[in-house]
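*Asks:*
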Amino acid sequence: MSRNLTIGCSKTELVKLRQFTSDALEKKKVPDLQAHKLVLAVDEVCANLIIHANDCNPRNQIEFSIQFMPRQIIFTFRDRGVGFDINKYDSPSMEEIVSTRRQGGLGLMLVKRIMDKIEFSSEKNHNICRLIKSYP
Amino acid sequence: MTQITTEEKNQFHFIMISGEIDAGSSILLDNAFKEAVEKGKKRIAVNLSELSYISSAGLGVFISHLDEFEAEKIKLVLFGANESVREVFSILGLEKLLVMVGSEEEASNYLDE
Numbered sequence: 024m025s026r027n028l029t030i031g032c033s034k035t036e037l038v039k040l041r042q043f044t045s046d047a048l049e050k051k052k053v054p055d056l057q058a059h060k061l062v063l064a065v066d067e068v069c070a071n072l073i074i075h076a077n078d079c080n081p082r083n084q085i086e087f088s089i090q091f092m093p094r095q096i097i098f099t100f101r102d103r104g105v106g107f108d109i110n111k112y113d114s115p116s117m118e119e120i121v122s123t124r125r126q127g128g129l130g131l132m133l134v135k136r137i138m139d140k141i142e143f144s145s146e147k148n149h150n151i152c153r154l155i156k157s158y159p
Numbered sequence: 011m012t013q014i015t016t017e018e019k020n021q022f023h024f025i026m027i028s029g030e031i032d033a034g035s036s037i038l039l040d041n042a043f044k045e046a047v048e049k050g051k052k053r054i055a056v057n058l059s060e061l062s063y064i065s066s067a068g069l070g071v072f073i074s075h076l077d078e079f080e081a082e083k084i085k086l087v088l089f090g091a092n093e094s095v096r097e098v099f100s101i102l103g104l105e106k107l108l109v110m111v112g113s114e115e116e117a118s119n120y121l122d123e
């Protein structure tokens with residue numbers, strides 16, 4: 024089963040994305056604390072796509088889908104912005120973040136700790152980012 | 011809907027966050043901290059009891075001010091976070107960098123030390 028949502032590249036759209044994800048996880052009876060973390064990871068990746076890959080241009084769109092598999096939940100983002108492979112991004116250390124007084128860098132660290140697998144691919148003129156959470 | 015209110019109580023500066031802090035609204039929290047520093051507040055308590063969600067943008071605001079607070083000898087304490095919000099701080103081990111307590115009373119006691 025799959026659920027889909029299309030949003031514009033504006034930070035105000037994140038509320039819609041979180042609500043959509045949270046509703047879908049609730050319907051599938053994912054426990055609250057776990058659902059909260061998955062919503063967070065989805066929010067972080069989408070905020071990155073909106074801000075860094077699409078420069079907050081509301082005319083650009085991101086297609087988002089959630090697939091519920093027997094032992095996995097797969098979250099997929101498709102966009103046409105500047106491709107950015109999370110796996111190739113080296114997160115700064117916490118010490119570095121504190122000492123340089125920077126505000127960024129924590130989001131992808133969270134995503135990597137919450138999700139089991141992150142896949143990124145670029146096809147023709149669009150990018151696909153997949154977040155996979157597996158269950159035993 | 012995100013709302014940030016401030017209040018002076020027992021010589022402490024309270025910042026109360028209600029709703030959700032994400033990439034769009036984290037600027038409100040950042041402004042509240044900047045204002046507190048400009049006004050020379052030395053003991054700050056952040057009430058998280060009405061905070062339902064925080065993303066890395068919000069966590070980043072806390073972390074980005076830590077170095078400055080230490081240099082300016084500003085004491086910061088967070089209190090009242092619900093389980094989900096606490097979990098987000100702990101995924102990154104931030105409870106080791108920030109002082110987080112349960113109640114307002116504990117927060118006041120810490121600031122009084």
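Chains W and B, in that order, are what the protein sequence lines are.
Counting in our numbering, the first sequence runs from 24 upward without gaps.
Counting in our numbering, the second sequence runs from 11 upward without gaps.
Yeah, the Cβ is synthetic: ideal placement off N, Cα and C, and Gly gets one too.
(1) Report yes or no: is there a C-beta of chain W within less than 8 Å of the C-beta of B:Glu-116?
(2) Roughly how many angstroms lie between the CA atoms of W:Ile-120 and W:Phe-87, to the nearest whole one?
(3) W:Lys-156 and W:Asp-139: beta carbons closer than 8 Å?
(4) Closer than 8 Å by beta-carbon distance: list the chain D residues that pair up with B:Gly-112, in chain order.
(5) With a cut-off of 8 Å, does the C-beta of W:Ser-122 fall near any C-beta of chain B?
(6) In chain order, what are the residue ranges of uninterrupted beta strand (DSSP E) at least 3 long that sit wholly in the segment 39–97 of chain B?
(7) By alpha-carbon positions, which one of B:Ser-59, B:Glu-115, B:Ile-27, B:Lys-52 ends up nearest to B:Phe-79?
(8) Does the Cβ-Cβ distance between W:Ile-73 and W:Lys-34 come in under 8 Å?
(9) Is the shortest distance between the beta-carbon of B:Ser-28 and the beta-carbons of chain W less than 8 Å?
(10) Apply the 10 Å Cβ neighbour rule to B:His-75 and answer buried if 16 or more other Cβ atoms are within range, or exposed otherwise.
(11) Using DSSP with H/G/I as helix, E/B as strand and the rest coil, what is W:Phe-43?
(12) Might you give, ordered along the chain, the residues of its own chain that have their beta carbon closer than 6 Å to the beta carbon of B:Ser-59, omitting 5 neighbours on each side?
(13) What residue from W:Gly-106, W:Val-38, W:Lys-52 has the CA that sits closest to B:Gly-34's CA?
(14) Assuming the contact rule is C-beta atoms closer than 8 Å, B:Val-71 and B:Asp-40 should be a hit. Round their C-beta distance to whole Å, please.
(15) List, in order along the chain, the chain B residues whose C-beta lies closer than 8 Å to that of W:Gln-126?
(16) Given W:Phe-91, which residues of its chain have a CB within under 6 Å of its CB, disregarding the five upstream and five downstream residues?
(17) Which residue from W:Ile-85, W:Asp-78, W:Pro-81 puts its Cα closest to that of W:Leu-40?
(18) Under 8 Å, do W:Leu-48 and B:Val-98 count as touching if we go by C-beta distance?
(19) Which residues of chain B have a Cβ atom closer than 8 Å to the Cβ of W:Met-24, listed in chain order?
(20) So is B:Tyr-63 buried or exposed if we call it buried at 16+ other beta carbons inside 10 Å?
*Replies:* Taking the coordinates as given:
(1) Not one chain W Cβ lies under 8 Å of B:Glu-116.
(2) Those two C-alpha atoms are separated by around 30 Å.
(3) Going by C-beta atoms, W:Lys-156 is nearer than 8 Å to W:Asp-139.
(4) In summary, chain D is missing from the structure at hand, where the protein chains are W and B.
(5) Closer than 8 Å: yes.
(6) DSSP runs (the beta strand (DSSP E)) wholly in the segment 39–97 of chain B: 53–64, 85–89.
(7) Minimum Cα distance to B:Phe-79 is reached at B:Lys-52.
(8) The answer is yes: Cβ separation under 8 Å.
(9) No, B:Ser-28 does not count as interfacial toward chain W.
(10) When all chains shown are included, B:His-75 counts as buried.
(11) W:Phe-43 falls in the helix class under three-state DSSP.
(12) Within the same chain, B:Ser-59 has close Cβ partners Gly-90.
(13) Out of W:Gly-106, W:Val-38, W:Lys-52, W:Val-38 has the C-alpha closest to the C-alpha of B:Gly-34.
(14) Rounded, the Cβ-Cβ distance is 5 Å, consistent with contact.
(15) Below the 8 Å Cβ cutoff, chain B contributes Ser-36, Asp-40, Ala-67, Gly-70, Val-71, Ile-73, Ser-74 as neighbours of W:Gln-126, in chain order.
(16) Same-chain partners within the cutoff: Met-24, Lys-51.
(17) Here the closest residue by C-alpha is W:Ile-85.
(18) Going by C-beta atoms, W:Leu-48 is not nearer than 8 Å to B:Val-98.
(19) Close partners of W:Met-24 in chain B (Cβ separation under 8 Å) are lacking, with about 25 Å as the shortest Cβ gap.
(20) Classification for B:Tyr-63: buried.
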